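In full-length UniProt numbering, the protein residues as written are 1 to 231. All C-beta atoms in this analysis are idealised placements derived from N, C-alpha and C, irrespective of residue type, glycine included. Source: prediction; values computed, not measured. Remarks on the structure that follows.
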Amino acid sequence: MAEPNSYEEQRRRQVEENKRKLEELRLHRLSAAVREAAVKPMPIQELKLRYLRPPPPPTRRSGRVASLPKQPDYRDKKAPRRGLPPDRVYATDEARDYAFTKAKELNNQLSSAHPSFIKPMTHSYATGSLLTIPRQFKKSYLPRFDEMIFLVDEEDGEFPMPYIAQHGAIGTGWKMFAIGHNLADGDCLVFQQVQRTKFKCLAGWKYMTEAKINGSFAVLKFNLLTWNEEW
């Protein structure tokens, strides 16, 4: 019976030793503090307002510059687009049909020995910078490389503009020509080739023009400068 007593005695001493060490380390108080901190709500942090930086002081200028009158500021003003009408006016279907019919009648009266084509005007043609030429006419009668074209109106005024072979269109210069001749949506133009003389450096194409009203028709003439070698 001595062994159990000695075991219980040893266990009791071990428990007392552990209690003494806990007392020295104060672990039970630390655990109690942790429990209290977990239950206690966290204080709400107050937000600090950020103050805007004051505006910089005005730029210092010399007395000579400051005495000058205030100069106008052109950066806030946009220059209006030159020559473009403020409002778009669309032609009626009747006006388009009338102009196209008259253009066809005029085209039929022209000599069949000279090729021609009819080109109705839209807003993109009347105010844009390109005028596309029908593909069949381009493939049959126009050069395959970029050349300079001169449009000649009824007053024999010449207007140079480049022909862009890749797109089959008349480029820079067409816009000012269209604006200068008051072309509008619904107008219909007829282009006719009436003469071509084979030169070494020049081939001449001529067209004539009639008076135009809104939804009317016209025949234009142009000269095409190209390089042709004699065979």
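Is residue i near the ligand SAH, judged by its Cβ being under 8 Å from some heavy atom?
{"i": "L189", "result": "Among the components modelled here there is no ligand, and therefore nothing to report on the ligand SAH."}
DSSP three-state label for residue i, please.
{"i": "A178", "result": "helix"}
{"i": "E46", "result": "coil"}
{"i": "Q193", "result": "coil"}
{"i": "F100", "result": "helix"}
{"i": "L25", "result": "helix"}
{"i": "F145", "result": "coil"}
{"i": "Y90", "result": "coil"}
{"i": "T127", "result": "helix"}
{"i": "E8", "result": "helix"}
{"i": "E158", "result": "strand"}
{"i": "S140", "result": "helix"}
{"i": "R64", "result": "helix"}
{"i": "R53", "result": "coil"}
Here's a check: name, in chain order, each residue in its chain whose Cβ is nearer than 7 Å to the Cβ of residue i, leaving out the five neighbours to either side.
{"i": "A169", "result": "L130, L131, T132, I133"}
{"i": "N107", "result": "S116, I118, V190"}
{"i": "I164", "result": "D146, G171"}
{"i": "L110", "result": "S116, Q192"}
{"i": "P72", "result": "none"}
My guess is that residue i and residue j are in contact by the Cβ rule of under 8 Å, so how many angstroms apart are they, rounded?
{"i": "F159", "j": "G173", "result": "6 Å"}
{"i": "I179", "j": "M161", "result": "Their Cβ separation, rounded to whole angstroms, is 13 Å, which puts I179 and M161 out of contact at 8 Å."}
{"i": "P120", "j": "C188", "result": "5 Å"}
{"i": "K175", "j": "G128", "result": "6 Å"}
{"i": "A126", "j": "L183", "result": "5 Å"}
{"i": "H181", "j": "D153", "result": "7 Å"}
Leaving out the 5 sequence neighbours to the left and right, which residues in its chain are closer than 6 Å to residue i when beta-carbon positions are compared?
{"i": "R96", "result": "G186"}
Quick one: what's residue i bridged to in DSSP?
{"i": "I118", "result": "V190"}
{"i": "A169", "result": "T132, I164"}
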